[in-house]
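See below for the structure under consideration.
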Amino acid sequence: MNQHEAVIVAYGRSGVTKAYKGGLAKVHPVSFATETLKGVLARVPQLDPKEIDDVIVGCANPEGTQGWNMARLITQLAGLPKEVSAQTVNRFCSSGMQTIATAANAIIANQCDVVVAGGVESMTRIKNMFLEEEFRDPALVKSYNEAYMAPGYTAERVAQKCGITRQEMDEFAVRSHALAAAAQDVGAFDDQIIPIHGVGPDGADVLVDKDEGVRRGTSLEGLASLKPCFEGIVTAGTSSQMSDGAAFVVLMSREKAETLGIAPIARFVGFAVAGCESEYMGLGPIYAVPKVFRRTGITLDQIDTIELNEAFAAQAIPCIRTLGFDLNKVNPEGGAIALGHPLGATGAVLTCKALSRLRRQEGRYALITMCIGGGQGAAGIFERL
Ligand SMILES: CC(C)(COP(=O)(O)OP(=O)(O)OC[C@H]1O[C@@H](n2cnc3c(N)ncnc32)[C@H](O)[C@@H]1OP(=O)(O)O)[C@@H](O)C(=O)NCCC(=O)NCCS
0 MNQHEAVIVA
10 YGRSGVTKAY
20 KGGLAKVHPV
30 SFATETLKGV
40 LARVPQLDPK
50 EIDDVIVGCA
60 NPEGTQGWNM
70 ARLITQLAGL
80 PKEVSAQTVN
90 RFCSSGMQTI
100 ATAANAIIAN
110 QCDVVVAGGV
120 ESMTRIKNMF
130 LEEEFRDPAL
140 VKSYNEAYMA
150 PGYTAERVAQ
160 KCGITRQEMD
170 EFAVRSHALA
180 AAAQDVGAFD
190 DQIIPIHGVG
200 PDGADVLVDK
210 DEGVRRGTSL
220 EGLASLKPCF
230 EGIVTAGTSS
240 QMSDGAAFVV
250 LMSREKAETL
260 GIAPIARFVG
270 FAVAGCESEY
280 MGLGPIYAVP
290 KVFRRTGITL
300 DQIDTIELNE
310 AFAAQAIPCI
320 RTLGFDLNKV
330 NPEGGAIALG
340 HPLGATGAVL
350 TCKALSRLRR
360 QEGRYALITM
370 CIGGGQGAAG
380 IFERL
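Below is the structure:
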C-alpha cells in the first residue's frame, strides 16, 4: 500500500485562562472551541471546508456541558458543511495529542486527506478531579482502588517514591513562571494565540488573547509559605493550574498540501502511549518516551526542544532526570505550572508551543510528552519542514 505522510499546515490555540475566574470561565466550551477552530481554519484559506474529512476533539471530561459528542457540536456551530464528521476522544491529559496522532494515522493509512484535530477543556465545568464513589466499580475498588486515585495524591506518591523535596519543587515552579513571563514579554506565544471573546468579572465582553496563569515575581519565599493541598508537600504553587482553553491543528497528506499550494509546517513523525501504575501516573512519560524513540528511530540527541507537561513539579522533575533530558531544552517558555493545563486541550496546546518554537529556533525535531491520569504516559515527535 502506498504510504502517505501526514503534515501539519496550520495550528492555533486560545489563550489559556484561569478556571472559575478567568476570561473563558463564563463562556460555553463549545463556543470558545468553535471560535478557536475558526481562527485556525482561517490560517489556511486555500482549504475548502468541504474537503475536511473529520474533526477530532480531545476532552478529558466529555460529560455535562462538554457532553453530547462536543466535536460534532463544534463543527455545527462553526458552520462547517454537514458532511464534515466529528468525534470526541478521551485519553485524559493526552487527549489533545491523541487526536493529532489519530488524525495523522488516518491520513497515513489513506483513510482521510484532511483532518482537523485538537482539544478543548473547560475545567470550570468539571465537578471533581476524581470519580465519585457511587460511580466506582466495587470489584475494582476491592482489587485496585488506586485506579481511582486523584492526580494530586499520585503526585505525593511520586514525590515520596522518587525522593523529591519541597524545595526542589518550589525551585521548579519559580523556573516555570520566570520562563513563561520572559516568553510572554518577547511575544513568543503571539503567533499561536487566536484572540477570542471572553467575559470579564463584571460580565462585560473581553478579548482573551493571552495566557492568564503566569504569576510574575513568583519567589521561593512566596511558594514556601503555601500550604500543602494533598496531605503532603505538593501545593497550589507546584501543581498545574486548573484552566480553560482550546487548541487545534490542521493535518493533511503531503500530496494534498502540494495540490492546494500550502507550505507544510511540520511532519508527524510518531506517537506512543504506555501504561504504568495508577498511583504513580506522573511517571508515565518515563515509559512512553523510550517507546516513541524505539518506534521512530529518533534519538534524544536529535531532539531540539521538549514540551513535558508540568502536571506537578513532583512528577516533572523525576521524569526529566530519569529520561536524561537536558533541562535547557525542556519547557524553555514555561510549562503548565505557570501557563495552566486545560486537560483535553493540553496535548494540542503543547504542540502549538513546540511547533512555534521550532520555527523560531530553526530546530528540526520536537518531543511532546505528558503523564495521564489513571496511569499512562504519551509521547509524540514532530519534524519541522
Ligand atoms: C492544586 C489545586 C487544588 C490548587 O487549587 P487552588 O487553591 O484553586 O489554586 P490557585 O491557583 O487558585 O491558588 C491558590 C492560592 O495559592 C497561592 N499561589 C498559587 N500559586 C502561587 C505562586 N506561584 N506564588 C505565590 N502564591 C501562589 C495564591 O495565594 C493563590 O490564591 P490567589 O489566586 O487568590 O492569589 C489545583 O490547582 C489543582 O487541583 N491542580 C491540579 C489539577 C490536576 O490534577 N490536573 C491534572 C493533572 S494529571
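Going by numbering that gives the first Met the number 0, the first residue of the sequence shown is number 0, and it counts up by one from there. Quick reminder that beta carbons are idealized off the backbone N, C-alpha and C, glycines included. These numbers come from a predicted model, not from an experiment.
- Distance from the CA of aspartate 190 to the CA of alanine 347, rounded to the nearest whole angstrom, comes to 15 Å.
- In this structure, glycine 244 places its C-beta atom within 8 Å of the C-beta atom of glycine 339.
- When the five nearest sequence neighbours on each side are left out, the beta carbons in the same chain lying within less than 6 Å of the beta carbon of leucine 72 are those of Val29, in order along the chain.
- For leucine 326, there is no enclosing alpha helix (DSSP H), as DSSP gives it neither H nor E.
- Here glycine 323 is exposed. Its C-beta has fewer than 16 other C-beta atoms within 10 Å.
- Under the 10 Å beta carbon count, arginine 293 is surrounded by fewer than 16 other beta carbons and is classified as exposed.
- Around glutamate 50, the same chain offers Val113 as residues with beta carbons nearer than 6 Å, after the five sequence neighbours per side are excluded.
- The three-state reading of DSSP puts serine 238 in strand, counting E and B together.
- The beta carbons of serine 238 and methionine 148 sit no closer together than 8 Å.
- Not one heavy atom of ligand 1 is found less than 7 Å from the C-beta of arginine 266.
- From the listed residues Phe267, Gly231 and Cys111, the smallest Cα separation to serine 84 is found for Cys111.
- The beta-bridge partner set that DSSP reports for cysteine 370 consists of Gly376.
- The Cβ atoms of proline 341 and valine 39 do not sit closer than 8 Å to each other.
- If you look at arginine 156, you'll find it isn't in any beta strand (DSSP E); it sits in the alpha helix (DSSP H) that goes 150 to 161.
- Annotation for valine 291: Gly269, Phe270, Ala271, Ala378, Gly379 and Ile380 place their beta carbon closer than 7 Å to its own, counting only its chain and skipping 5 residues before and after.
- Assignment of leucine 72 by DSSP, reduced to helix, strand and coil, places it in the helix class.
- Comparing alpha-carbon positions, the option among Thr87, Val8 and Thr368 lying closest to leucine 349 turns out to be Thr368.
- Contact fails between the region 273 to 288 and the region 197 to 214, because fewer than three Cβ pairs, one in each stretch, are under 8 Å apart.
- Looking at Thr234, Tyr143 and Arg124, the one whose alpha-carbon comes closest to that of threonine 164 is Thr234.
- The beta carbon of glycine 260 lies closer than 7 Å to those of Gln45 in the same chain, with the five residues before and after it left out.
- The Cβ atoms of threonine 98 and glycine 118 sit closer than 8 Å to each other.
- DSSP places tyrosine 286 in the helix class (H, G or I) of the three-state scheme.
- Residue environment analysis places leucine 139 among the exposed positions, since fewer than 16 neighbouring C-beta atoms fall within 10 angstroms of its C-beta.
- When distances are taken from the beta-carbon of glycine 221 to the heavy atoms of ligand 1, the shortest one is below 7 Å.
- Boundaries cannot be given for alanine 187, as no beta strand (DSSP E) includes it and DSSP labels it neither H nor E.
- Annotated three-state conformation of phenylalanine 229 is coil, per DSSP.
- The closest heavy atom of ligand 1 lies less than 7 Å from the beta carbon of methionine 128.
- Apart from the 5 residues on each side of it in sequence, glutamine 314 sits with its Cβ closer than 7 Å to the Cβ of Ala154, Val157, Gly281, Leu282 and Cys370 in its chain, given in chain order.
- Counting along the chain, the unbroken alpha helix (DSSP H) around isoleucine 107 starts and ends at 94 to 107.
- Looking at the backbone, the Cα of glutamate 170 and that of asparagine 330 are separated by about 14 Å.
- Cβ contact annotation for cysteine 58 (same chain, cutoff 7 Å, sequence separation greater than five): Gln65, Met69, Thr87, Asn89, Ser94, Gly118, Val119, Glu120 and Gly343, in chain order.
- In this structure, the straight-line span from the alpha carbon of glycine 21 to that of leucine 357 is close to 29 Å.
- Under the DSSP definition of a beta bridge, phenylalanine 311 partners with Ser238.
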